[in-house]
Amino acid sequence: MTLHTGRHFLQIPGPTNVPDRVLRAIDMPTLDHRGAEFAVLGHDVLAAVQRVFRTKQPVIIYPSSGTGAWEAAIVNTLSPGDKVLMSETGQFAALWLGIANKFRLDVDMLPTDWRHGAPLDLIEERLKADREHKIKAVMVVHNETSTSCVTHPLEVRKILDRTKHPALLMVDTISGLASLEYEHDAWGIDVSIAGSQKGMMLPPGLGFNAVSEKALAVSKANTSTRSYWDWHDMIAINKQGTFPYTPATNLLYGLKVAVAMLEEEGLENVWARHKRHGAATRAAVKAWGLEPVCQDPQAYSPALTAVMVPQGHDADAFRKVVLDNFDMSLGTGLGKIKGKAFRIGHLGHFNDLMLMGTLAGVEMGLDLAKVPHRTGGVAAAMEVLKGRDVVAMPKAAVA
Ligand SMILES: *Cc1c(COP(=O)(O)O)cnc(C)c1O
1 MTLHTGRHFL
11 QIPGPTNVPD
21 RVLRAIDMPT
31 LDHRGAEFAV
41 LGHDVLAAVQ
51 RVFRTKQPVI
61 IYPSSGTGAW
71 EAAIVNTLSP
81 GDKVLMSETG
91 QFAALWLGIA
101 NKFRLDVDML
111 PTDWRHGAPL
121 DLIEERLKAD
131 REHKIKAVMV
141 VHNETSTSCV
151 THPLEVRKIL
161 DRTKHPALLM
171 VDTISGLASL
181 EYEHDAWGID
191 VSIAGSQKGM
201 MLPPGLGFNA
211 VSEKALAVSK
221 ANTSTRSYWD
231 WHDMIAINKQ
241 GTFPYTPATN
251 LLYGLKVAVA
261 MLEEEGLENV
271 WARHKRHGAA
281 TRAAVKAWGL
291 EPVCQDPQAY
301 SPALTAVMVP
311 QGHDADAFRK
321 VVLDNFDMSL
331 GTGLGKIKGK
341 AFRIGHLGHF
351 NDLMLMGTLA
361 GVEMGLDLAK
371 VPHRTGGVAA
381 AMEVLKGRDV
391 VAMPKAAVA
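The sequence shown maps to residues 1 to 399 in the working numbering.
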């Protein structure tokens, strides 16, 4: 083991760096979750997460990973044999498919090359062709964390509206919420799925479902088996500020402070900060002469950047050099791009100098690992952060 000084750089795209303020808030005695003091906290955090999702409709908070929140969305609204439309945008879409298959949904999985967002034209084609409205849900990953390609949920909503299709719109925004612009109500999302450990700046352990009135009605009529994940049990008891089973009390202390921090900055400013850091990171990648995994500038993620390494080089060997030498964790390539790509997380509790440190670590690591590249990535990113290059860049790259 190498001795490292200073702070570890956790630049994977989730779990992300947890602010000291949040850590302090969590480090408190656990409360009686059936007591009056807890109910005050319960009401507070339930209202707080509604503001982050931008919804007046219920948000369910589970003591779970994001995967649990995925499953919750499925078991509440769908039954075995139900037809759903999904898009294989990357590894996270593929994992969600795995759950859908286990619940024996009839999935129409639209393929992609893992370098673009969901194929909107194919979604429209499928919905148009489905005159009998057999498709019960359209399920998309907002920020595909394996490829750094975004699918804009509003575009999918517009397709459902254009085709007058009644399917539910389910969006995995696990790595999108509190990093990318998100509007659960205004965009007509039926089920939004999120987790605590990405843009929300918390440790892992909370899963979220924001649900529309329409999704609630569908789930009421859905007779398939569920217990732990049942929305209705949860919503009934949440009215008193409490939970049907022991919640992750200490994470809720952290949640309250994390939302306060997001609101002190202002959600719009949080979104703008992530866009700016995305633009600076891509300027560095371009200067290095490396290729982003995402090939559609309209779909570039503000939350992370996945980068291809040149043929014949191993992205994980490069990541090990960075970890050993500079105590920085970068994200591994997932699924079919394992070894071919690495991921730079720039989401959550983050600032300009943390990004500069991150990019300096990448640039020095590329050199030490002998990955062919040009120098000057850090300098290019600095120009963006100084605001000089932003106007000169193509609109989509900073949008
Ligand atoms: C992290 C992530 C998940 C999985 O969440 P877990 O908490 O690991 O279960 C799912 N989807 C996306 C887009 C993610 O980024």
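In this text, a Cβ means the ideal position worked out from N, Cα and C, and glycines have one as well.
Inter-residue CB distance, residue i and residue j (contact presumed, cutoff 8 Å)
| i | j | result |
| --- | --- | --- |
| Ser196 | His184 | Not really, about 17 Å apart at Cβ, beyond 8 Å. |
| Ile437 | Gly254 | In the structure as shown, the chain begins at 1 and stops at 399. Residue 437 is therefore absent and cannot be evaluated. |
| Thr147 | Ala306 | 6 Å |
| Ile344 | Val362 | 7 Å |
| Gly207 | Gly66 | 6 Å |
| Ile159 | Ile123 | 6 Å |
| Leu110 | Asp82 | Actually they do not touch by this definition, with Cβ atoms about 17 Å apart. |
| Ala402 | Leu353 | The structure shown has nothing for residue 402, since the chain only spans 1 to 399. |
| Ala272 | Leu385 | Not confirmed; about 13 Å, so no contact. |
| Val211 | Ile60 | 7 Å |
| Val259 | Val18 | Contact doesn't hold; Cβ gap of about 14 Å is too wide. |
| Ala215 | Asp190 | 4 Å |
| Ile237 | Phe243 | 6 Å |
| Ser87 | Thr112 | 6 Å |
| Gly331 | Phe318 | At roughly 12 Å, the Cβ-Cβ gap does not stay under 8 Å, so Gly331 and Phe318 are not in contact. |
| Ser329 | Ile135 | So it is not a contact: roughly 40 Å between Cβ atoms. |
| Glu383 | Ala283 | 7 Å |
Range covered by the alpha helix (DSSP H) that runs through residue i
| i | result |
| --- | --- |
| Thr67 | Gly66 to Thr77 |
| Asp324 | Ala315 to Phe326 |
| Asp352 | Asp352 to Leu368 |
| Phe53 | Ala36 to Phe53 |
| Gly207 | Not the alpha helix (DSSP H): Gly207 falls in the beta strand (DSSP E), residues Gly207 to Val211. |
| Ile123 | Leu120 to Ala129 |
| Val22 | Asp20 to Ile26 |
| Pro305 | The amino acid at residue 305 is misidentified as Pro; the sequence shows Thr. First-last for Thr305: Leu304 to Met308, but that is the beta strand (DSSP E), not the alpha helix (DSSP H). |
| Met382 | Gly377 to Leu385 |
| Met234 | Trp231 to Asn238 |
| Gln91 | Gln91 to Lys102 |
| Asp161 | Pro153 to Arg162 |
| Leu202 | It is not in any alpha helix (DSSP H) - Leu202 carries neither H nor E in the DSSP assignment. |
| Val270 | Leu267 to Trp288 |
For residue i: DSSP bridge partner residues
| i | result |
| --- | --- |
| Tyr245 | Looking at the DSSP assignment, Tyr245 forms no beta bridge with any residue, so it has no partner. |
| Asp108 | Leu85 |
| Gly221 | Going by the sequence as given, residue 221 is Ala instead of Gly. The partner list for Ala221 (beta bridge, DSSP) is empty, contrary to what the question assumes. |
| Gly331 | Arg343 |
| Ile61 | Phe208 |
| His254 | In the sequence on display, residue 254 carries Gly and not His. The partner list for Gly254 (beta bridge, DSSP) is empty, contrary to what the question assumes. |
| Pro292 | Val307 |
| Val150 | Asn143 |
| Tyr182 | According to DSSP, Tyr182 bridges with nothing at all. |
| Tyr300 | Cys149 |
Cβ shell of residue i (< 7 Å), same chain only, five flanking positions each side left out
| i | result |
| --- | --- |
| Gln295 | Arg115 and His116 |
| Gly357 | Phe9 |
| Ala392 | Note that Ala392 has pLDDT 45, beneath the 50 cutoff, so the model's placement of it is unreliable and the number below is only indicative. Taken in chain order, the list of residues that qualify is empty. |
| Thr30 | Thr249 and Asn250 |
| Lys336 | Trp114 |
| Asp32 | Phe38 |
| Thr2 | Asp324 |
| Gly289 | His373 and Arg374 |
| Val371 | Val309, Pro310, His313 and Phe318 |
Range covered by the beta strand (DSSP E) that runs through residue i
| i | result |
| --- | --- |
| Met139 | Ile135 to Val141 |
| Phe342 | Ala341 to Gly345 |
| Ala194 | Val191 to Gly195 |
| Asp172 | Leu168 to Asp172 |
| Leu10 | Phe9 to Gln11 |
Cβ-based neighbour list, residue i, same chain, cut-off 6 Å, excluding 5 preceding and 5 following
| i | result |
| --- | --- |
| Gly14 | Ser175, Gln197 and Lys198 |
| Ala137 | Val84, Ala167, Leu168 and Met170 |
| Ala396 | A caution first: Ala396 carries a pLDDT of 47, below 50, which makes its placement in the model too unreliable to give a value. |
| Asn76 | Ser219 and Trp231 |
| Ala399 | Residue confidence for Ala399 is low, a pLDDT of 40 falling below 50, so the modelled location carries little weight; the figure read from the coordinates is stated next. Once the five neighbours on either side are set aside, Ala399 has no close Cβ partner at all. |
| Ser277 | The question names Ser, but residue 277 is His in the sequence shown. Here the set comprises His346 and Leu355. |
| Arg165 | In the sequence as displayed, the identity of residue 165 is His instead of Arg. Around His165: Leu127. |
| Val257 | Arg21, Val22 and Ala25 |
| Ala194 | Thr173, Ile174, Leu177 and Phe208 |
Residues near residue i by beta carbon distance below 8 Å, same chain, minus five either side
| i | result |
| --- | --- |
| Lys340 | Met308, Val309, Ala315 and Gly333 |
| Ser79 | Asn222, Thr223 and Ser224 |
| Thr16 | Leu10, Gln197, Lys198, Gly199, Met201, Gly345, Leu347, Gly348, His349 and Phe350 |
| His4 | Asp327 |
| Pro394 | Unreliable placement is indicated for Pro394, whose pLDDT of 45 sits below 50; the coordinate value is still reported in the next sentence. Closer than 8 Å at Cβ, skipping near neighbours: Pro297. |
| Ala303 | Pro13, Asn143, Thr145, Ser148, Ser175, Gly176, Ser179, Leu180, Lys198, Gly199, His274, Gly278, Gly345, His346 and Leu347 |
Interface flag, residue i vs chain C, CB-CB below 9 Å
| i | result |
| --- | --- |
| Thr242 | Note that chain C does not occur in the displayed structure, where there is just one protein chain. |
Is it the case that the region 364-379 contacts the region 175-186, given that we only count it when at least three CB pairs across the two stretches are under 8 Å? no
May I ask you to verify whether the region 233-253 touches the region 100-109, counting CB pairs closer than 8 Å and requiring at least 3? no
Tell me, please, whether the region 272-289 touches the region 43-62 by the rule of three or more beta-carbon pairs shorter than 8 Å. no
Tell me whether the region 153-168 and the region 138-145 touch, counting them as touching only if at least three CB pairs, one residue from each stretch, are closer than 8 Å. yes
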